[in-house]
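Using the UniProt record's numbering, the final residue of the sequence shown is 356, and nothing's skipped along the way. From the three backbone atoms N, C-alpha and C, an ideal C-beta is built for every residue, glycine too. Note that the structure is a prediction, hence the values are computed from the model and not measured.
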Amino acid sequence: MENTVHIEAATERYRRTTAQRTEIERRQATGVTRVVATGEQVEARVRRLARAGAVTPEAILRALPEGEPVARAALLERIIADTNDLQAVNFLSRGARAARTVGRIAADVRGRRIPIGTGFLVAPALLLTNNHVLPDEPAADAAVLELNCEDGIDHEAGKVAGYQLDPGAFFLTDEELDYSLVAVAPGAGRPPGDEFGWNRLVHQQGKAVIGEWLNIVGHPQGRLKEVALRNNGLVNELDHFLHYATDTEPGNSGSPVFNDQWEVVALHHSGIPATDAEGNWLKADGSRWRPSDGDDAVHWIANEGVRVSALLGHLFGRPLTPVQRAVLDSLGPQAVPAGVQPAAPAVADSAVTGLV
């Protein structure tokens, strides 16, 4: 298992926050909704839902209890819970649009493509995945992004579009936050985002609160694209990571974790296994897991993703050349953390073909 270091770190963070999760579960069991958040977090979440058109007059009416007054904070929590349970039918079409940006990353090994993880477009020609999927420029240079690896509406095979990565033009990575951001070479003279779209990463808070459902799209074990919906709740928020109960399998590393408005809230990077008192990983039957048992035998109890806000803060906070900053600005103004100085005017086109 190549991701052992990150799994052990995620498991330790999960263990350290046991008391915090216990209190969250107690509040969920005794509260009107499963939403657990501060007043400021609830306000920010409802404002973001309203801007996305997810808060309708009908949702507000459903959240109002009959025949009794309700405090503002409680009402806002009920609005979040209501939008969490009922979705407009365009939830499906918006999800399909977001899923088009997700691709399978394969290593070119002696002429054969071996799946190694998942990645997704965050600008017309920028791919985001994990550091443990693409740890350095040579690894990225030997990898291919495969988009449209999925079944069609009538189960026909999708026409796969392959794109070479271009780490020589742009490559930034960080082992601790487990991300790699790399340029993608154009296909037929056009960046992949022109055909498949891309996700606008948002630094602002309010994209999700504890108790909401999350959705994940990826290529588990290198299979065709799959999506995990519902029963995938956000169970805890840390400064740099989110813990959630989304079903994942090896190969989903680098997948986007979406809220119900199909905004990316985290970069999935690790499962969290059940452990015994000595920290040994366990199987579903409670016996000790051994590497010879294979990844499928591990009893995974939760997952961890890198928060988008933490990732963007780190990206824009690191030393950057003018060319690197120009490429980062292709993420859009909504990705730039508050307080970060505007980029200097570009004196030349971006090093990534298709961006200016």
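- Task: Would you check if the distance between the CB atom of residue 245 and the CB atom of residue 257 is smaller than 8 Å?
- Result: The answer is no: Cβ separation not under 8 Å.
- Query: Which whole-angstrom value describes the C-beta separation of residue 273 and residue 282, a residue pair presumed to lie in contact below a C-beta threshold of 8 Å?
  - Reply: That belief holds up - the Cβ atoms of residue 273 and residue 282 are roughly 7 Å apart, short of 8 Å.
- Three-state secondary structure assigned by DSSP to residue 171: For residue 171, the secondary structure class from DSSP, reduced to helix, strand or coil, is strand.
- CA-CA distance, residue 320 and residue 124? For residue 320 and residue 124, the distance between alpha carbons rounds to 20 Å.
- Does the region 98-118 come close enough to the region 166-182 to have 3 or more Cβ pairs within less than 8 Å? no
- Query: Which stretch, first to last residue, makes up the beta strand (DSSP E) that contains residue 302?
  - Reply: 300-307
- For the alpha helix (DSSP H) holding residue 137, just list the boundary residues, first then last. For residue 137, the enclosing alpha helix (DSSP H) has its first and last residue at 137-141.
- Query: In whole angstroms, what is the alpha-carbon distance linking residue 350 and residue 16?
  - Reply: Annotation note: pLDDT 36 at residue 350 (below 50); position unreliable, coordinate value reported separately. Each residue's alpha carbon lies about 44 Å from the other.
- Let me know if residue 277 comes out buried or exposed under the rule of 16 or more other beta-carbons within 10 Å of its beta-carbon. exposed
- Message: What would DSSP say about residue 359, mapped onto helix, strand or coil?
- Response: Because the chain spans 1 through 356 in this model, residue 359 falls outside it and cannot be assessed.
- Query: Since residue 180 contacts residue 231 with CB under 8 Å, what's their CB separation in whole angstroms?
  - Reply: Contact flag wrong, Cβ pair sits at about 30 Å.
- Query: Is it true that the CB of residue 211 sits closer than 8 Å to the CB of residue 34?
  - Reply: yes
- Over what stretch of residues does the beta strand (DSSP E) that includes residue 164 continue unbroken? 161-164
- Task: Output the distance between the C-alpha atoms of residue 322 and residue 328, rounded to the nearest integer angstrom.
- Result: Their backbone Cα atoms lie some 10 Å apart in a straight line.
- Whole-angstrom Cβ separation of residue 268 and residue 253, contact assumed at under 8 Å? Confirmed, about 7 Å.
- Cβ distance (whole Å) where residue 227 is taken to contact residue 215 below 8 Å: 7 Å
- Can you have a look at residue 122 and say buried or exposed, based on whether 16 or more other CB atoms are within 10 angstroms of its CB? Classification of residue 122: buried, given that the 10 Å Cβ count is 16 or more.
- Task: Using the Cα positions of residue 357 and residue 47, report the straight-line distance between them to the nearest angstrom.
- Result: Because the chain spans 1 through 356 in this model, residue 357 falls outside it and cannot be assessed.
- Task: Write down every uninterrupted run of the alpha helix (DSSP H) in the region 94-150 whose length is 4 residues or greater and which is fully enclosed by it, in chain order.
- Result: 137-141
- Item | Separation of residue 134 from residue 315, as counted between CA atoms | 16 Å
- Task: May I have the straight-line CA-CA distance separating residue 162 from residue 107, to the nearest angstrom?
- Result: 12 Å
- In chain order, what residues of the same chain have a beta carbon less than 8 Å from the beta carbon of residue 310, not counting five sequence neighbours either side? 177, 239, 240, 241
- Straight-line Cα distance separating residue 153 from residue 11: 38 Å
- Rounded to whole angstroms, what's the CA-CA distance from residue 265 to residue 198? Just pull it up for me. 14 Å
- Host beta strand (DSSP E) of residue 6 (start-end): Not the beta strand (DSSP E): residue 6 falls in the alpha helix (DSSP H), residues 4-16.
- Query: From what residue to what residue does the alpha helix (DSSP H) around residue 193 run?
  - Reply: 193-196
- Task: Using three-state DSSP, classify residue 50 as helix, strand or coil.
- Result: helix
- Cβ pair residue 104, residue 222 closer than 8 Å: yes
- Classify residue 187 as helix, strand or coil using the three-state DSSP reduction. Residue state, collapsed to three classes: strand.
- DSSP three-state assignment for residue 215, whether helix, strand or coil: Of the three classes helix, strand and coil, the one that applies to residue 215 here is strand, per DSSP.
- Query: When we look at the beta-carbon of residue 6 and count the other beta-carbons within 10 Å, is it buried (16 or more) or exposed?
  - Reply: buried
- What are the boundary residues of the beta strand (DSSP E) that includes residue 273? 264-273
- Could you give the distance in angstroms between the alpha-carbon of residue 126 and the alpha-carbon of residue 137? 14 Å
- Report all residues from its chain with a CB closer than 8 Å to the CB of residue 69; omit the five preceding and five following residues, and keep chain order. In this predicted model, residue 69 has a pLDDT of only 49, less than 50, meaning its place in the structure is not dependable enough to derive any value.
- When burial is assigned at 16 or more other CB atoms within 10 Å of the CB, is residue 219 buried or exposed? buried
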